[in-house]
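My numbering puts the sequence shown at residues 2 to 669. Every residue, glycine too, gets a C-beta built ideally from N, C-alpha and C. Structure record follows, encoded as structure tokens.
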Amino acid sequence: MTESEMEQLCVNVVRGLAMDAPQRASSGHPGTAMALAPLAHVLFSRVLRHDPGRPDWPDRDRFILSNGHASILLYSMLLLNGYGLGLKDIEQFRQWGSPTPGHPEVRSLAGVEVTTGPLGQGFANGVGMAVAERFLRAHFGPEAIDHHVFVICGDGDLMEGVSHEAASLAGHLGLGRLVCVFDDNHITIDGPTDLACSDDVVKRFESYGWHVERLGEVANDLDALEAGLRRGIAEADRPSLLVLRSHIGWPSPHRTDTKEAHGDLLGAEEIRVTKALLGLPVDQDFYVPDEVPAFYAERARRGRAAREAWEERQPAAVGDRDRFEACLGGRGLDGWADSLPSFEAGTKLATRKAINKCLTATSAQIPGLLAGAGDLTGNTGVDLGAGAEVQSHAHPGGRQLHFGIREHAMAAAMNGMALHGGVLPVGGTFFVFSDYARAAVRLAALSQAHVVYFFTHDSVGLGEDGPTHQPIEQLASLRAMPGLRVIRPADANETAAAWRIAVDSDGPTALILSRQDLPVLAETSVLAAEGVGRGAYVLLSGRDASAPPDIVLIGTGSEVQLCLGAARLLEPEGIVARVVSFPSWDLFAAEQTGYRDDVLPPGILRLAVEAAASFGWERYADATVTIDRFGASAPGSVNMEKFGFTADHVAQKARELLGTRARQLGES
């Protein structure tokens, strides 16, 4: 068998798997994987620097299948290239417990770099990965980091709004190590793309500042595909988009170029006919002759040699090993938290300003820190200061990144940075605009990407901008998201503790921060360092710990001070109120039952106070002082008073709750 014949066999085997796996699962998307089998083959056998024996090698090329519905294409390549998959795993495609789920998931399988599925996310992740690669190369040199990011995307990816945001940002930054192949197959689930879209993709990306090339009808031409990819690689100063005209479902006689090839099964008879055209055994499913993985193993030697050479030169190439390892881990240097500022009781400081003091005080000790905002750098606490270099083509090592008014791309690119490794991304925006980023925030939680959000202007206390900018339901919404750590600190001391948790912990953290100044509470100076990490803690016991309080006042964020004020108003009346600061529901839920009962004693009345929706508080409180309507345009202090967020009103609600309980006991 000639090399050309061997390569064609490899491509055809991938096409066979692309038909068989969805057919066996009665679910899947065969057509795109069939059409792109030659491109995937060229990438994995000729272009990508990768080593299946060390899939987490930091200087490997990154590959993202943004159109993740074609996941069988990626799984087939990982199987054939020796990434630890077995043929039985392909046979269990889309089944319970299988490492081959319906869409690629980063933690399920070596060789999957990011979680894709929602269209456009992988494309934007690629932008973030390219930023991370360039950032590391700028700080540690090309001997340490020097690779490319490759993305395959489809019509759906480029229709989704996040791709517009991300592509614009990538062109502005001049991310020359980013090479995207646009699978221009003209088909969506509904039918031809011209049902809904008449964009000129080439002109669009050229206007963003990308290198764009129409590869044309070369989807089955291995040499032309490689040549196009090499030209993209050669573009050092611009990201590249290679437009590939493919034919979905090729070479199926009856499904090529049809919408049915997108999300429907080909059917047993169509698969038989198509396999015959490809020269594959028509009566054998999941056909993988031994010579195919052997061919890929031989090609993988190139990547293994590159990885071994990288390892040999690392001691001299990296320089400061501690800083390099801290970057790769998204962590601070040993003892970094010793640089955190302390805050004097009685002073007033918005938590968005407190987080900025924490950020700037520790940034030198967190070498991979890269901070930015959606055009709100100064407003959201992510400003690293006048001396911070702005991330750009001219300054690739800059640690201040201006994302522009692109919240969705910001969050999605942050995922790419974190999952690439080498960067701890921090992104800021007003809390209400977390809605724009939500899809990417959800994927950060699903992927356990180590990212940090500064969501500021967290309540109606932000004032005159009114209900369009005042978050109400957002806090409950993010708390409902599995895997996302949500912390709403009460003051500057709790903010410092929250920043330490965000840096030192795995996975994503959302810090919910105030616009308005809040008093630094005397009680938090000693208690916050441990208490915030446990999610909730007793700030004011009310009486000796051996005797239970009459009522527990639970506050978060800016409302904790109101609970303290209310407790002092109730004390002369003989009402003993315990005050609990409750910055994080998920951290508290992770504590043992005994600790939770110590903080919130069973059987004791509880009143929760929070300038957000009441939704969810029924699990912790008997009554609430909350907001179940949208806000209003007025000075922040006026809003807080009108909506009942005063110590007097909290005290009155506590009295009413106690009175109701007394009447119930009397009636019984």
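An exposed status is given to H396, since fewer than 16 other beta-carbon atoms sit within 10 Å of its beta-carbon. DSSP, read as helix, strand or coil, puts I153 in strand. The Cβ neighbour count for G556, taken over all protein chains shown within 10 Å, is at least 16; the residue is labelled buried. If you keep only unbroken beta strand (DSSP E) runs of at least 3 residues inside the segment 132-188, you get 150-155 and 179-184.
Per DSSP, E560 lies in no beta strand (DSSP E) segment and is marked neither H nor E. Counting along the chain, P426 sits inside the beta strand (DSSP E) bounded by residues L425 to F431. In the three-state DSSP reduction, E214 falls in the strand class (E or B). In the DSSP assignment, A372 is bridged to Q401 and V427. If you ignore the 5 residues before and after E474, its C-beta comes within less than 8 Å of the C-beta of A613, A614 and F616, all in its own chain and listed in chain order. Boundaries of the beta strand (DSSP E) harbouring Y454: V453 to T457, taken from the DSSP string.
The DSSP-derived three-state label of F206 is helix.
Rounded to whole angstroms, the gap between the alpha carbons of D201 and S340 is 52 Å. The shortest C-alpha to C-alpha distance from A578 to any of A228, A262, I488 and P602 is the one to P602. Proximity of the segment 34-52 to the segment 249-263 meets the contact definition, three or more beta-carbon pairs being nearer than 8 Å. In this structure, DSSP gives F325 a helical state, which the three-state scheme calls helix.
Straight across, the Cα-Cα distance linking R308 with G17 is about 32 Å.
Using a Cβ distance threshold of 8 Å, V504 and R332 count as a contacting pair. Contact annotation, I188 with L66: C-beta distance approximately 17 Å; criterion of less than 8 Å not satisfied. Rounded to whole angstroms, the separation of the alpha carbons of V48 and A228 is 10 Å. Residue pairing of K349 in beta bridges, as defined by DSSP: P520. DSSP places Y297 within a helical segment (H, G or I) once states are collapsed to three.
Within the same chain, V163, A167, A410, A413 and A414 come within 6 Å of A125 by CB-CB distance, once the 5 residues on both sides are set aside. Within the model, the alpha-carbon separation for A301 versus R55 is close to 11 Å. Y76 carries a helical assignment under DSSP once its states are collapsed to helix, strand and coil. Every unbroken stretch of the beta strand (DSSP E) spanning 3 or more residues and falling wholly within the segment 614-653 is given here in chain order: 624-626. V442 sits in a helix when the DSSP states are folded into three classes. Each of D191, V12 and A497 was checked against the Cα of S343, and the nearest Cα belongs to A497. Counting along the chain, T510 sits inside the beta strand (DSSP E) bounded by residues T510 to I513. Secondary-structure assignment with DSSP links R579 through a beta bridge to V553. In the DSSP assignment, the residues bridged to P193 are I188. For the pair D436 and D492, the Cα-to-Cα distance works out to about 25 Å. By the Cβ-count criterion, R322 is exposed, with fewer than 16 other Cβ atoms from all chains shown falling within 10 Å of its own Cβ. Across the set D649, D376, R305 and P636, the C-alpha of D649 shows the shortest separation from the C-alpha of L571. With fewer than 16 neighbouring CB atoms inside 10 Å of its own CB, D598 falls in the exposed class.
In this structure, the alpha-carbon of I73 lies about 29 Å from that of S199.
A straight line joining the alpha-carbon of L40 with that of R63 spans about 15 Å.
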